[in-house]
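Number of protein chains: 2
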Amino acid sequence: MSAAAATWIAADWGTTHLRVWAMSDSGTVLAAAGSADGMGTLTRDGFAPALDALTADWPAVPVIACGMVGSRQGWTEAPYSAVPCPALASNLTLAGTRCHIIPGLKQASPADVMRGEETQIAGFLSLNPRWDGVICLPGTHTKWVHVSADEVVSFQTVMTGDLFAAITGHTVLRHSCTDGWDDAGFLQGVDDAIARPEKLAARLFSLRAEGLLNDLPNATARARLSGLLVGAELAATKPYWLGQQIAVIGAGTLAGLYVTALGAQAAPATQVNADRATLAGLTAAYRSWKDQT
Amino acid sequence: MSAAAATWIAADWGTTHLRVWAMSDSGTVLAAAGSADGMGTLTRDGFAPALDALTADWPAVPVIACGMVGSRQGWTEAPYSAVPCPALASNLTLAGTRCHIIPGLKQASPADVMRGEETQIAGFLSLNPRWDGVICLPGTHTKWVHVSADEVVSFQTVMTGDLFAAITGHTVLRHSCTDGWDDAGFLQGVDDAIARPEKLAARLFSLRAEGLLNDLPNATARARLSGLLVGAELAATKPYWLGQQIAVIGAGTLAGLYVTALGAQAAPATQVNADRATLAGLTAAYRSWKDQT
Numbered sequence: 126m127s128a129a130a131a132t133w134i135a136a137d138w139g140t141t142h143l144r145v146w147a148m149s150d151s152g153t154v155l156a157a158a159g160s161a162d163g164m165g166t167l168t169r170d171g172f173a174p175a176l177d178a179l180t181a182d183w184p185a186v187p188v189i190a191c192g193m194v195g196s197r198q199g200w201t202e203a204p205y206s207a208v209p210c211p212a213l214a215s216n217l218t219l220a221g222t223r224c225h226i227i228p229g230l231k232q233a234s235p236a237d238v239m240r241g242e243e244t245q246i247a248g249f250l251s252l253n254p255r256w257d258g259v260i261c262l263p264g265t266h267t268k269w270v271h272v273s274a275d276e277v278v279s280f281q282t283v284m285t286g287d288l289f290a291a292i293t294g295h296t297v298l299r300h301s302c303t304d305g306w307d308d309a310g311f312l313q314g315v316d317d318a319i320a321r322p323e324k325l326a327a328r329l330f331s332l333r334a335e336g337l338l339n340d341l342p343n344a345t346a347r348a349r350l351s352g353l354l355v356g357a358e359l360a361a362t363k364p365y366w367l368g369q370q371i372a373v374i375g376a377g378t379l380a381g382l383y384v385t386a387l388g389a390q391a392a393p394a395t396q397v398n399a400d401r402a403t404l405a406g407l408t409a410a411y412r413s414w415k416d417q418t
Numbered sequence: 126m127s128a129a130a131a132t133w134i135a136a137d138w139g140t141t142h143l144r145v146w147a148m149s150d151s152g153t154v155l156a157a158a159g160s161a162d163g164m165g166t167l168t169r170d171g172f173a174p175a176l177d178a179l180t181a182d183w184p185a186v187p188v189i190a191c192g193m194v195g196s197r198q199g200w201t202e203a204p205y206s207a208v209p210c211p212a213l214a215s216n217l218t219l220a221g222t223r224c225h226i227i228p229g230l231k232q233a234s235p236a237d238v239m240r241g242e243e244t245q246i247a248g249f250l251s252l253n254p255r256w257d258g259v260i261c262l263p264g265t266h267t268k269w270v271h272v273s274a275d276e277v278v279s280f281q282t283v284m285t286g287d288l289f290a291a292i293t294g295h296t297v298l299r300h301s302c303t304d305g306w307d308d309a310g311f312l313q314g315v316d317d318a319i320a321r322p323e324k325l326a327a328r329l330f331s332l333r334a335e336g337l338l339n340d341l342p343n344a345t346a347r348a349r350l351s352g353l354l355v356g357a358e359l360a361a362t363k364p365y366w367l368g369q370q371i372a373v374i375g376a377g378t379l380a381g382l383y384v385t386a387l388g389a390q391a392a393p394a395t396q397v398n399a400d401r402a403t404l405a406g407l408t409a410a411y412r413s414w415k416d417q418t
């Protein structure tokens, strides 16, 4: 089948990107496209043209979208669903004439929000019915999500990726953590942070000092910094993952690091392909939407 | 007396600034000047002209300098003294024809370095002979320094100021921590971080989420972030300050925050004027240098 046979379009519309797939009714991908027209770069009246331009060669069918496109700064705000609730809300928000946006999730206390990850969670659960446990979605803002009885019970965001980028780009460690990687350094950082989380603040500048005094290689410093931050995250989220079944949904390298770090804490985790989860979630949302119309 | 009577010049030459004072032999300030010709903005052959330009109206007398001017990227490297040792080394490093640079301090394990603070420590000790305890020097890279029997025994750098700037400038919290201040928010952050330091990583994104969901004011989020980072620093440096006599050397607002945060932990600290400590340290170095020549 070609894209001409598409009956709907799946869209993952985040802050920095727009990705679309021409889909058959049964959930088969017929074609795919992407652009840098993320929510962060568009004004309110730029969303419809961006979507139309990227899908110009495809039928003008309904679009099911997830991500920051539904935020207050996005195309049209899709109000959050409050946990505990199913990952996938039954009410989508219409933006423009044909784009149906999946709402994000919010938690009252501790205050927390997500947009986009709820669709990956729904996709994972549609592929793994009756799965209970904790889902970790690594990224700029990593999410830890407790799932039980087909509902999101609670979740916790840790901005580890955001911190790593800010520290390596905009502090004195930019001189010490330029590039490269060292698996042993990563694991040492994880261990140090988990063993003595209260020491974290004192360990960062040491990476710089060890470079000056002991010629610590940049690759080791960079990997150890990443390990310290991931270890601090694991220390903070221990009530989530300890003794639980764990799935890590994410793209290759980063998700692999979380699986490695958890494994070192005797917490085995299963890695799940992020794109597959996203598409399964959008497909589940499409089916639910179609059943209602 | 006017600057024409100066017998030496005191210089505090950091990464972002150059400050100079025309001094009498007895340590009286006759004139002062400053520029943005910090080490970070100068190439190696730019130091002498920058100094000469700023002191052109003063006699061409010897200069005693402290700070990053003596780093590897500075004018001439003044090799570190290794602790335990007196704050003020007896060997200054000559740069150009008349600038004598005070060496910084290094510590082998845990690896750490300082440049400039050793002069403030020496100044404080010259004003407070036989003082034992812990000196905190807040800044971009805050130093915690254990002093006993007129020597620096050990020290610990925590890059709290650097982290605060990177987080408020270059992560998602830049939307939530733009400006303003709230003393209660600061103290809450300190308490939260000290009570449960392992939770730090999970608490940062909450500042954003509370803004989105509960209209947390920017001023409160910003102060609470500062409190969380200072609290994490106090948790990491507890072996330094617990049960010790504490002096905080620094400029008004920031040093005051540390005194407040320590006070909330039942650790009373004395605030010391930073400029006074710097000038006293440079004066002590001048006297020692003059005695040798």
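Protein sequence lines correspond, in order, to chains A and B. If you're matching positions, the first sequence starts at 126 in our numbering and goes up one per residue. If you're matching positions, the second sequence starts at 126 in our numbering and goes up one per residue. Glycine residues also receive a C-beta, built at the ideal position from the N, C-alpha and C atoms.
Check: Using C-beta distances below 8 Å, list every residue in its chain close to G388/B, excluding the 5 sequence neighbours before and after it, in chain order.; Outcome: A394
Check: Who are the near neighbours of G199/B in its chain, counting only those whose CB is closer than 7 Å to its CB and skipping five residues on each side?; Outcome: M164, M193
Check: By how many angstroms is the C-alpha of T265/A removed from the C-alpha of P235/A?; Outcome: 19 Å
Check: Using a beta-carbon distance below 8 Å, is F289/A in contact with chain B?; Outcome: no
Check: Check whether chain A comes within 8 Å of E323/B, counting only Cβ atoms and requiring the distance to be less than that.; Outcome: yes
Check: Would you check if the distance between the CB atom of I134/A and the CB atom of T168/A is smaller than 8 Å?; Outcome: no
Check: Report the residue from W256/B, W414/B, R299/B whose alpha carbon sits nearest the alpha carbon of L329/B.; Outcome: R299/B
Check: Compute the Euclidean distance between the alpha carbons of L359/B and L325/B, then round it to the nearest angstrom.; Outcome: 13 Å
Check: Start and end of the beta strand (DSSP E) containing W138/B?; Outcome: 133 to 138
Check: Check the Cβ-Cβ distances between I246/A and every residue of chain B, and say whether any is below 8 Å.; Outcome: no
Check: List, in chain order, every chain A residue whose beta-carbon is nearer than 8 Å to that of F172/B.; Outcome: What F172/B touches in chain A: nothing, since even the nearest Cβ is about 20 Å away.
Check: Under three-state DSSP, which class holds A148/B?; Outcome: The question names Ala, yet the displayed sequence has Met at residue 148/B. M148/B: strand per DSSP, three-state reduction.
Check: Within the 8 Å Cβ cut-off, does M284/B reach chain A?; Outcome: yes
Check: Quick one: what's got a C-beta closer than 7 Å to V297/B's C-beta in the same chain, skipping five residues either side?; Outcome: R333
Check: Please report how far the alpha carbon of G336/A lies from the alpha carbon of V272/A, in whole angstroms.; Outcome: 43 Å
Check: So who's on the other strand from S234/B, going by DSSP bridges?; Outcome: None; S234/B has no bridge partner.
Check: Using a cut-off of 7 Å between C-beta atoms, extract the partners of E335/B located in chain A.; Outcome: A236
Check: Would you report the Cα separation of S127/A and D182/A, rounded to the nearest angstrom?; Outcome: 11 Å
Check: Considering only the alpha carbon of each residue, which of L176/B, E242/B, R223/B, A173/B lies closest to Y205/B?; Outcome: E242/B
Check: Could you confirm whether any beta carbon from chain B is found closer than 8 Å to the beta carbon of A326/A?; Outcome: yes
Check: Please name the residues in the segment 341 to 367 of chain A whose beta-carbon is closer than 7 Å to at least one beta-carbon of chain B, in chain order.; Outcome: A357, E358, A360, A361, T362
Check: Can you find a C-beta in chain B that's less than 8 Å from the C-beta of V194/A?; Outcome: no
Check: Check Q370/B in the structure and name its three-state DSSP category.; Outcome: coil
Check: Jot down the residue ranges of each uninterrupted beta strand (DSSP E) in the segment 269 to 321 of chain B, minimum 3 residues, whole runs only, in chain order.; Outcome: 276 to 283
Check: How many Å lie between D304/B and A346/B at the Cα?; Outcome: 9 Å
Check: If you draw a straight line from the C-alpha of L176/A to the C-alpha of G352/A, how long is it?; Outcome: 39 Å
Check: Can you name the start and end residues of the alpha helix (DSSP H) that I246/B belongs to?; Outcome: 242 to 252
Check: What's the call for P263/B, buried or exposed, on a 16-neighbour Cβ count within 10 Å?; Outcome: buried
Check: Measuring CA to CA, which of K363/A, A405/A, W414/A, G406/A is closest to A392/A?; Outcome: K363/A
Check: Could you list the residues in the segment 308 to 322 of chain A with a C-beta less than 8 Å from some C-beta on chain B, going in chain order?; Outcome: P322
Check: Which of the three DSSP states is assigned to N398/B in this structure?; Outcome: strand
Check: According to DSSP, which residues form a beta bridge with G352/A?; Outcome: DSSP lists no partner for G352/A.
Check: Can you find at least 3 beta carbon pairs, one from the segment 311 to 326 of chain A and one from the segment 312 to 323 of chain B, that sit closer than 8 Å?; Outcome: yes
Check: Going straight from the alpha carbon of W306/A to that of A344/A, what length do you get?; Outcome: 5 Å
Check: Identify, in the order they occur along the chain, each residue of the same chain with its Cβ nearer than 8 Å to the Cβ of T153/B, setting aside the five sequence neighbours on each side.; Outcome: M126
Check: Can you say whether R349/B is buried or exposed, counting buried as having 16 or more other CB atoms within 10 angstroms of its CB?; Outcome: buried
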